[in-house]
Amino acid sequence: MEEPSAARPVALLHVGPILCRMRRLSTALVLFVCCLASSAQDEVIDSLNAVLRSDLPDTARVSTLIALSGQFYRVDPQHARRTAIQAKELAEKTGYKSGLARAYKAVGMTYYFQNDWVDCLVQWKLALETFRSINDLSGVSNLLNNIGAVYFSGGDDKEALDYYLESLRVAESTNDSLRTLTALGNIGTVYLNKDASTRLAMKYLQRAYRLSRSLGDHDAVGTWAVNLGEIYLREESKTDSAGYYNPDSALFYFEAALEAYRNSATGNVPFALKSIGRVYTIREDYNRAIQYQTEAYRIAMANDAPLEMAQSLLSLADTYESKGDIAEAIAKFEQAKEIAVEIEALYEMKAAYDGLASSYSRSADYKRAYTYLNLSSGIKDTLYNADMDKKLQAQSLSYEIEKKEGQISLLEKDQELRNVELKRQKAIRNGTIAVGILFLLLAGGMFNRYRYTKRTNKIIAAERDRSETLLLNILPKEVAEELKTKGEAEARLIDHVTVLFTDFKGFTAMSELVSPQQLVKDLHECFSYFDRICGQFGLEKIKTIGDAYMAVGGLPVENGTHAVDAIKVALAMRDFIAEGKSRKIAAGLPYFEIRIGIHTGPVVAGIVGVKKFQYDIWGDTVNTASRMESSGAVGQVNISEATYALVKDIPGLVFISRGKVQAKGKGEMAMYFVEATTPATA
């Protein structure tokens with residue numbers, strides 16, 4: 001098994017971590033594996049077992065165990081892991097370093113196929129270090145790419161890019177074409193993930209495309225040709241100074257992809273066909289567009305590939321709408337919608353809803369148009385929440401990796417101050433001994449040392465105060481004290497806290513209407529007030545994520561008032577934003593509106609990171625609080641039943657039952673809007 005290659009092409013095309021080499025594409029984030037047919041695989045397994053029963057040297061036995069483990073990665077990961085561990089133990093016993101590195105990699109593979117990223121990375125980092133110890137540069141490049149793919153899947157583009165670039169450097173130094181190709185494609189797709197990096201994405205993807213053609217790798221040619229074609233069809237590129245928007249160039253690459261996929265057993269022919277159809281739609285050659293897109297649908301249906309069927313139908317519907325055949329467009333959008341809903345393909349569902357809203361509006365059926373517009377909006381919120389969940393997952397992944405590897409240690413700055421103090425004490429001790437022996441001769445030196453010591457003490461005290469201030473801006477006081485006293489801060493399960501989430505409505509629209517400086521100034525004003533009101537009522541600010549704000553009551557020191565404290569903070573936040581809205585409207589300026597959600601329950605709290613560390617919380621309580629925010633309404637504080645049970649008898653609070661409300665991933669939940677007779681201020 002070779003390296004996972006994480007690729008995320010533009011538009012509807014998303015390619016996930018790829019094991020072995022580049023394989024066929026899909027709109028969902030998928031895992032591609034080189035698998036043998038069942039009967040052929042059984043023959044390989046029988047053959048490997050027969051080899052193991054023979055009289056083998058230890059090195060050959062290690063290699064055979066690793067090969068046997070690889071046959072079970074997908075079908076039985078536990079069995080695969082036991083076999084790989086056998087190989088690892090034998091390699092350790094015999095000092096077979098190359099086999100040990102490959103065994104670590106095989107153990108990591110078994111975790112990879114179970115989406116256990118933390119244990120996977122631990123094993124792959126051990127493999128990486130072992131390959132480095134024997135100067136196996138091919139293995140080093142392989143593992144650097146593997147590790148980058150996991151970070152990419154976890155949402156950490158920066159860490160992924162660092163590993164991919166290092167993998168490329170090593171591969172190029174050894175003229176390893178396969179791993180050079182993999183790294184080039186992966187780097188290009190990371191840059192595609194960043195709106196401002198189209199030029200860099202083009203640079204690396206074109207290199208990957210040229211290299212894949214020279215190697216005769218049809219799957220790779222198709223993958224990178226489709227990506228390049230999609231870039232040339234990006235509408236926003238019309239205003240890009242790089243001037244990439246060019247349907248003719250897009251058609252060139254789509255046709256190259258089609259040719260490559262037709263020469264490949266695993267190629268995504270439907271995607272290339274429907275992409276060619278899009279170009280002809282842009283050219284208003286509707287008959288040829290429909291011809292290609294219909295063929296794409298026919299092949300997808302023959303392959304029993306519902307995702308590709310939905311995508312082909314969406315392309316057909318767009319073409320019919322552009323052609324002015326609204327009735328046929330609606331029929332195709334409806335077909336695509338049914339398939340997308342059945343397989344829960346969110347992006348395709350949203351595209352179908354948007355298309356139906358547009359088509360029904362053009363046919364003057366405004367009631368249905370409005371219905372599908374609302375459905376599209378709901379999917380948009382779902383996709384936003386999924387993106388937020390991924391960010392939280394990435395942060396949790398980072399924390400778990402560091403915890404697993406024992407990387408949470410003394411704060412570097414505090415350690416530096418301790419070292420300075422130790423050096424100072426040693427200097428004073430040595431100076432005192434010297435003074436005792438040569439008192440009369442070194443009286444002047446003794447006086448100078450006194451002045452030096454006094455000055456050093458002042459510097460150390462000032463540095464300690466500055467470090468203390470910075471530390472308390474990042475961590476709760478109790479956690480900071482634990483770090484300084486014990487050298488670490490243990491993660492804790494806290495049974496009862498209240499988590500508050502806020503999110504601004506209209507933030508994206510406002511960002512398009514005001515300068516970046518004004519936008520940041522407005523955000524700073526809001527979040528500064530949020531910080532003050534949280535401090536007034538004893539809530540601990542956890543973090544901001546873009547325009548979202550998260551705080552929690554009842555930690556790190558537990559208390560019995562966290563629920564009502566959180567509600568008072570939320571109402572003050574809401575009123576502050578409402579006042580700002582009134583001022584902005586009066587001045588004819590764009591404004592923020594806010595949704596706030598609150599939920600009470602248990603969380604795990606701890607420190608993430610070593611250098612840029614952060615105090616954070618995890619658990620279902622956090623996710624539920626986020627759902628309270630996304631399921632709420634603008635200008636309202638939406639609380640869960642668990643929070644309501646704690647505050648329902650508090651004087652001065654009024655509650656409006658919303659009944660059971662559908663919350664993403666949670667089903668129906670009882671929710672309440674809350675008001676207060678006396679506003680809280682800070």
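Under this note's numbering, the first residue of the sequence shown carries the number 1, and numbering increases by one thereafter.
Backbone N, C-alpha and C fix where the C-beta goes; we use that ideal spot for every residue, glycine too.
- Annotation: the continuous beta strand (DSSP E) that includes F655 extends over 653 to 663.
- For I282, the closest of L313, T64, L56, T319 by C-alpha to C-alpha distance is T319.
- In this model, Y73 and V150 are separated by some 17 angstroms (Cα to Cα).
- Secondary structure at V75: coil, using DSSP grouped into helix, strand and coil.
- Put simply, the backbone Cα of K105 is about 10 angstroms away from that of G139.
- Under the 10 Å beta carbon count, V520 is surrounded by fewer than 16 other beta carbons and is classified as exposed.
- DSSP places E344 outside both helix and strand once states are collapsed to three, so it counts as coil.
- Contact check for A548 against T502 passes: the beta carbons are separated by less than 8 angstroms.
- For the pair V269 and I290, the CB atoms are not nearer than the 8 angstroms cut-off.
- Of all C-beta pairs linking the stretch 623 to 631 to the stretch 586 to 602, three or more are shorter than 8 angstroms, placing the two stretches in contact.
- With 16 or more other CB atoms across the displayed protein chains lying within 10 angstroms of its CB, A208 is buried.
- Beta bridge pairing from DSSP links D547 with no other residue.
- In this structure, the straight-line span from the alpha carbon of Y366 to that of S359 is close to 10 angstroms.
- When Cβ pairs closer than 8 angstroms are counted between the two stretches, the stretch 172 to 187 is seen to touch the stretch 197 to 212, the count reaching three or more.
- K380 and L168 have their C-alpha atoms some 37 angstroms from each other.
- Rounded to the nearest angstrom, the gap between the Cα atoms of D304 and L258 is 19 angstroms.
- Fewer than three pairs of CB atoms, one per stretch, sit closer than 8 angstroms, so the stretch 573 to 593 makes no contact with the stretch 490 to 497.
- Contact annotation: L273 and A296 have beta-carbon atoms nearer than 8 angstroms.
- Within the stretch 141 to 228, the complete alpha helix (DSSP H) segments at least 4 residues long are 157 to 173, 177 to 192, 198 to 215, listed from N- to C-terminus.
- Looking at R574, A570, V514, the one whose alpha-carbon comes closest to that of G588 is V514.
- Per the coordinates, the alpha-carbon of G99 lies some 23 angstroms from the alpha-carbon of Q114.
- Residues D531, C534, A551 of the same chain have their beta carbon placed closer than 7 angstroms to that of K541, with the five preceding and five following residues left out of the count.
- Taken atom to atom, the span from the alpha-carbon of V661 to that of Y372 is near 20 angstroms.
- Contact annotation: the stretch 639 to 657 does not touch the stretch 522 to 529, with fewer than three C-beta pairs closer than 8 angstroms.
- Here DSSP, grouped into helix, strand and coil, assigns G139 to helix.
- DSSP, reduced to helix, strand and coil, places I650 outside both helices and strands of the structure shown, so it counts as coil.
- Counting only the Cα atoms, Y261 lies some 38 angstroms from A50.
- Residue environment: Q123 is assigned as buried (16 or more neighbouring CB atoms within 10 Å of its CB, all protein chains considered).
- The beta carbon of T621 lies closer than 8 angstroms to those of V497, V499, H599, T600, G601, P602, V603 in the same chain, with the five residues before and after it left out.
- Nearest to K323 by alpha-carbon distance, out of M309, Y280, M349, M301, is Y280.
- Distance between N263 and Q206, taken at the CA atoms: about 21 angstroms.
- Remark: C-beta atoms of S63 and K97 do not approach each other more closely than 8 angstroms.
- By the beta-carbon neighbour count (other beta carbons within 10 angstroms, threshold 16), A509 is exposed.
- Of the residues R234, F537, F576, E579, the one whose Cα lies closest to the Cα of N559 is F537.
- A Cβ-Cβ distance of about 7 angstroms is found for the pair L233 and R278, placing them in contact under the 8 angstroms criterion.
- G554 sits buried, since 16 or more C-beta atoms from the chains shown fall within 10 Å of its C-beta.
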